[in-house]
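Residue numbers (the working numbering), protein chains in the order written: chain C, 676 to 1043; chain W, 676 to 1043; chain G, 676 to 1043; chain Z, 676 to 1043; chain P, 676 to 1043. Backbone N, C-alpha and C fix where the C-beta goes; we use that ideal spot for every residue, glycine too. Taking it in order: structure first as structure tokens, then the write-up.
Written out as structure tokens, the structure reads:
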């Protein structure tokens, strides 16, 4: 039963519902199964970086006025007070906070007064096609990111901040945001790789031996592609908005980097669409293989029938009981010296003739 | 017979026709089966709310000049006088009133002088995919809503007005309108949930045992999706107009909320389209399962024929009446000591050989 | 043969060709089979209406200078002189007149100096999906309409002009044009209704018993939908132009009415597209029913073969002529006391075992 | 073999390649199989027309400065010197000349300094779906047209220029260009007519008797439609540019005529798309007819088997050799007075019962 | 195994991944299997051309300040130092350099400060549908091109620069860029030609004898078309940007040439889409051929069964052992003088009758 549930979670996409239908907008109700948040705070400028694991979030308020960039990363949405406190500190709209908690949003970019709200989806399990919502708030001098659970997607970014690689610490919060987006996009590639392998595997299997399980595999493949596509298309749209629209918190210099993100999303979608076409083609190939196989089986049946039925008739004829006493015309063969060999020979001749006929009709050759 | 009708009502979408083809535009003819209206009037400001069930609608005229927001909710369209009276009081265009009565409109937003006319469709029965038309007139200080019948969709909104939750009483009629729209959108989610369950059920059934009733279920599923899609797409369009276009009765602050509505509609459509793709895929999976099954049956038939026909031939041969008296070549086997066991043994050998052949050809293994 | 022609006329859409390929543009050649025109002239203002059946068209010239609105309705295009006279009087471009005569135009709106030329298509026979071209010239103070033959589509409009209902006589020629367009759009609804019934009928028939005639019915349905769609889409486009574009002869007040026409066309197309999807689905349902039926028949055949072939083998074995005299091993059963009942019993046991086997394999239950 | 080539020429569309891949742009290499050009020069004004068949093209230079309109029509592209001379005289860009020679261009409109270059495709063989490239250069006072070979497409235009019909001589070179475009568009209609006939023929044949040759016919039909579509869509686009874009050599008055051309192309495409839909539908109808037929054959086979196999079993049973001497239970029927008639009667009863069963199951009635 | 890999490389499209997921943007990691670069440097003006194979790239810096046009062509991406040195000299953005190395980019045009970055894909193996990435940097007075490996695509361009054909040396680097693009586009035509041949071959084979290998061929064809399409569409887009957008390094005169490139891409895509449609059609034709064949085989089987089963029944009846001694009604035929000929004659009559029946039913004629 639990396996069944696991499967359904994978297959049938979930939808976003306001916590309680009919509740007032902006009502924040936390999913009871969401993990407790792990909070990481990094403040940095070109020269220095300060890292904290604070319990009292109110100290953040002072922090982000003192440093060029402050990044608060919340991994786990199981504590409402954390989210509302941060919401108050950074002056986040209730509707945006609601979207942070209801983790089935489509990727999007929304401009609010004082910050830009970016929703992304990262692929957390390439095998199961499970994706996770990443919410990023980009302000003048802060980045606030929310993740469903703590994973290792952002680890390289944290590392780069610590080491001050490239423009990581010299550029503003927009570059940090870019780095986070880039990390999210990177999570799509293993899933694509797996799809590619899956398609190859199915192709090989169809050629070797078409069997019914392939239909399920093709169906699963298509479902998985649909799910990834649902995440990827609005991601692309969001990237497009980020690099084209005049968003006040994003530098012109940074747009070149965001254009690169957009490019990556275009490539991902390109491949997904390509895989979709291939998957449809595979279904057709499978169906035609089945038809062909039916054809082959029919041929075997027909040849069998064609060869044996006349022989059976011959044997039936010489099994008739016409009385040779009554007349010389009644089955004289039965009394021939070579009657029985004649009958067997007749059968052999008929069978050979039919097999030759089918041979020349090309039915006996392998149709593979 | 009545079940049939119920089914057809569900399946074949109805269309909007002017009450009487050829009648003058704006001719108002009430559907005789429409229920009698239940009218609720709520006038409110930040501090106070007055609720009335008035019979004499003319008092409304004074009401809505005195209060910041007056909301008249008419549930049931069976009384023409109510509709025309309200039409006169709020100065509603005849064509708009006609659309209120002819309840098969597509969702839309139309700007008239003095008010904005919004047509929505809510899902009243997720099982039957029945939707209901909601007409909302939004003016400077009034909201006038018409529903086909009284249901509980608006109850949470009424509650929030009474309790003055959130911005409900402090904001203008645009916020009330938003709340009503939000309530209508909420009605789509149970239907989506049901579709998800339906798809899962069909998937499981195909894997377990493909039978003909599944075709009807897939067909019903697709019909239902088509019906919901027909309501959802123009809903999205209408939401887009409401949050983007400069409509005089809608505050900038309120647009953020309407954008949220638009977001919800985008998600709903996203899922509907996804379900449509899945449903098409299910049909293909079903068809290939059937083909496969035909294949399996053919194999059984062919194996049966292949095994038994040679045996029958052998029995036929030894049933021939060639006279052993006439010649020693005529069926000497019949007089062998081990003739009968030899014949039976021959049959056993032939059958075993054929079964082995089919075994190595892989026809005997289960193809699941 | 004539039935065949009738059918082909219905199915294969005709195309518009200039009367004589290679002839100069604007060459007017009347279809010899077109009916003689019936002309109706109505001049009216808010207070009065004058109706004439004039032979001498030249008097029209004076008429339409004296009255706020003059409507000349020509039903039947069989008289070239009528069309050219009217063309001269109202100063109509040769190309527009050509389009009036060649009655296979797509609906369109063209602005010329002094008038606006509107081409519409009305459905004259919902059963046969036959449509008719309606040409309307809307000028500052005249409306000139051409129809292929005299029908009753415009009767309600004539009636409303006579009675002066609504804004009919107080508004200008644009309102009359709107009324005519509205009447044309009304002609689509019976055809839609018939499509709905047809779909329901086919659905029921597929469930009851899929037979080959259904393919033709589905094919006819789809052809019909294609034909109506071909008329409806450009109608919608034309309506859109009329209500959005700044056409000098159309009042702002009138645009609200034309928006209503546009709304109706959107609804019609919405339904047509819906029906198209449903019709495609029906074909798939039909095909899968056929596959299923083949499956069922195959099963019957296989069960029959499986049950009877072993029985025949048994009877064949005991029909062999091995000589019991030659050896005690030769068919001793033939001399058993219960030999014959044993053989029959063996057959019964084998048959029962096989039937039980098929029963447990689920092949015997009805698959509906 | 040559038939095969003819077929392939018809089916597989050719592509445009620069004469020699890697050669410099503007390299003009004439197809050695192109026919020698036939040149016709017509200079005309409102009052007079001069027609010449000149050898020395240099005299053209003076001609086209003296006359309001000079039209040079080159039919046949086999002489490079003619093309380059004209190119120099009229100052044509090398790339444009290259396009004139490489006759697989898509229809297009390109504006160069001093002239407008229009590429069209006319249908030269409705049966074979062969199209021909027509290049037209429209300048301030000249029209230069190139055709692949001399045909009769332009004869009516030549005639109208000679006779001065309509605006032919009074209007400028833009009207002449319009007349040529119109003549090219006229060449599409016979091909459309043929498609219509072809569809009807296939429809009738499917209903009468679905046989395999129909698949080829449907395939050919669809190929033909694809080819025409490939020519028609860019033609439409080109027409749209000509009537909408501000091209300096085209009068406002003339735009009305070009709009008419655009209208014709829209109608042609409309029909082509319609035919495409119908052709797809035909394939489905054919496939379902085949499925149905398989079904029918299966039924015949099953009924045959069902009826004869039990009878054969009965005959087999009474052909067994159980010894009546050994026991009274051994086949007493063989010694009944009515034994043989009883056996035949039993067979008749079984056969009748089975036929009745199939009759009530509806398998015996014709399924057409 | 290695064959399998070759196949997978052909079929399943690869994707672009940042060298190391999670690495900083602009991290350059060279593919260890990339070939060592072959560098060619050409500096030229209208009068003179200088060609160098330099090892010390730093001399380039002086070169490209002295000459109107300097072209550096790098064939092979296996040496990181070459790429970074050139990047420094020409001031290329790190992200652009990253794209040069990661050779799975989609064709695109990106404007940077000081240069325009163009990514193209050329077809290097028409048979295997393998494409190669070409990166071109176009600056004020330089062209920098990177290729995956050294091939002969650019040889004609090198030749034309050496010889100074046409505008090659008189025009600026934009003309050189055009020539390179043109050379890349030329690489598509052999692949198209091969597709055309492949389609023809499949068409012929389906008509001659539909066998299962055709499915693979159609599948391969469609895969190949998908791959080329993936390269061609963004190529077209890139061409469109180059000829329409105001790119500072491109002359107005040159735009006419780039428009020609765009035209070529449009034609290529046109053909690819056409081929796709044809390939889909071929699959349908194949499937219907298979269905038809199944039908034919079924017919043969049914005729065989129908003809032989009654004959077998007759022989069975006369093989029954009803005792003629017991009664005159028991099988008197056995004692007729012409009993045996009568039985054989009866069989002949039945067989003939059945064959005639099938003949008139049209089952015996060839269905081809």
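- Taking a beta-carbon distance threshold of 8 angstroms, residue 891 (chain C) counts as an interface residue toward chain W.
- Residue 1032 (chain G) counts as exposed, since fewer than 16 other C-beta atoms from the protein chains shown sit within 10 angstroms of its C-beta.
- Contact annotation for residue 897 (chain G) against chain Z: 956 [CB-CB distance below 7 angstroms, chain order].
- A Cβ-Cβ contact shorter than 8 angstroms links residue 979 (chain Z) with residue 984 (chain P).
- If only complete runs of 4 or more residues are kept, the segment 762–800 of chain Z shows the alpha helix (DSSP H) at 769–776, in order along the chain.
- Taking all protein chains in view, the Cβ of residue 810 (chain P) is crowded by 16 or more other Cβ atoms within 10 Å, so the residue is classified as buried.
- Looking from the CA of residue 1015 (chain Z), the closest CA among Z:734, Z:994 and Z:827 belongs to Z:994.
- As for any alpha helix (DSSP H) of minimum length 4 sitting wholly inside the segment 815–895 of chain C, the runs are 830–838, 848–861 and 863–883, ordered along the chain.
- Per DSSP, the unbroken beta strand (DSSP E) holding residue 727 (chain G) starts and ends at 724–727.
- Against chain G, the beta carbon of residue 1006 (chain Z) has neighbours under 8 angstroms at 1015, listed in chain order.
- In this chain, residue 995 (chain G) is not harboured by any alpha helix (DSSP H), its DSSP state being neither H nor E.
- For residue 961 (chain C), the neighbours in chain W by C-beta distance under 9 angstroms run, in chain order, 963.
- Here DSSP, grouped into helix, strand and coil, assigns residue 719 (chain P) to strand.
- Between residue 941 (chain P) and chain Z, the shortest Cβ-Cβ separation is below 8 angstroms.
- Shortest Cα-Cα distance from residue 804 (chain G) to any of G:901, G:976, G:954 and G:965 involves G:901.
- The C-beta distance from residue 1008 (chain G) to residue 1017 (chain G) rounds to 7 angstroms, short enough to meet the 8 angstroms contact threshold.
- Residue range 1014–1035 is occupied by the alpha helix (DSSP H) that includes residue 1028 (chain G), with no beta strand (DSSP E) assigned at that position.
- Straight through space, the alpha carbons of residue 791 (chain W) and residue 829 (chain W) are spaced by roughly 20 angstroms.
- Boundaries for residue 702 (chain Z): no alpha helix (DSSP H) harbours it, and the DSSP string shows neither H nor E there.
- Boundaries for residue 922 (chain C): no beta strand (DSSP E) harbours it, and the DSSP string shows neither H nor E there.
- Of the other Cβ atoms in all chains shown, fewer than 16 fall within 10 Å of the Cβ of residue 1028 (chain C); this residue is therefore exposed.
- In the three-state DSSP reduction, residue 711 (chain G) falls in the coil class, being neither helix nor strand.
- Distance from residue 911 (chain P) to residue 940 (chain P) at the Cβ level is roughly 4 angstroms; contact confirmed, criterion being Cβ atoms closer than 8 angstroms.
- For residue 977 (chain C), the chain P residues whose Cβ falls inside 9 angstroms of its Cβ are 972, 973, 975, 976 and 979, in order along the chain.
- Residue 914 (chain P) is a Cβ neighbour of residue 936 (chain P), given a cutoff of 8 angstroms.
- For residue 745 (chain P), the pairing in a beta bridge is given by DSSP as P:718 and P:817.
- Distance from the Cα of residue 778 (chain P) is smallest, within the candidate group C:942, C:986 and C:991, for C:942.
- For the options W:852, W:886 and W:1023, the alpha carbon positioned closest to that of residue 1038 (chain G) is the one of W:886.
- Within chain P, the residues whose beta carbon sits less than 7 angstroms from that of residue 995 (chain C) are 990, 993, 994 and 1018, listed in sequence order.
- For residue 813 (chain Z), the closest Cβ of chain P is not nearer than 8 angstroms.
- Taking 8 angstroms as the CB threshold, residue 721 (chain Z) stays off the interface with chain G.
- The Cβ-Cβ distance between residue 890 (chain W) and residue 961 (chain W) falls below 8 angstroms.
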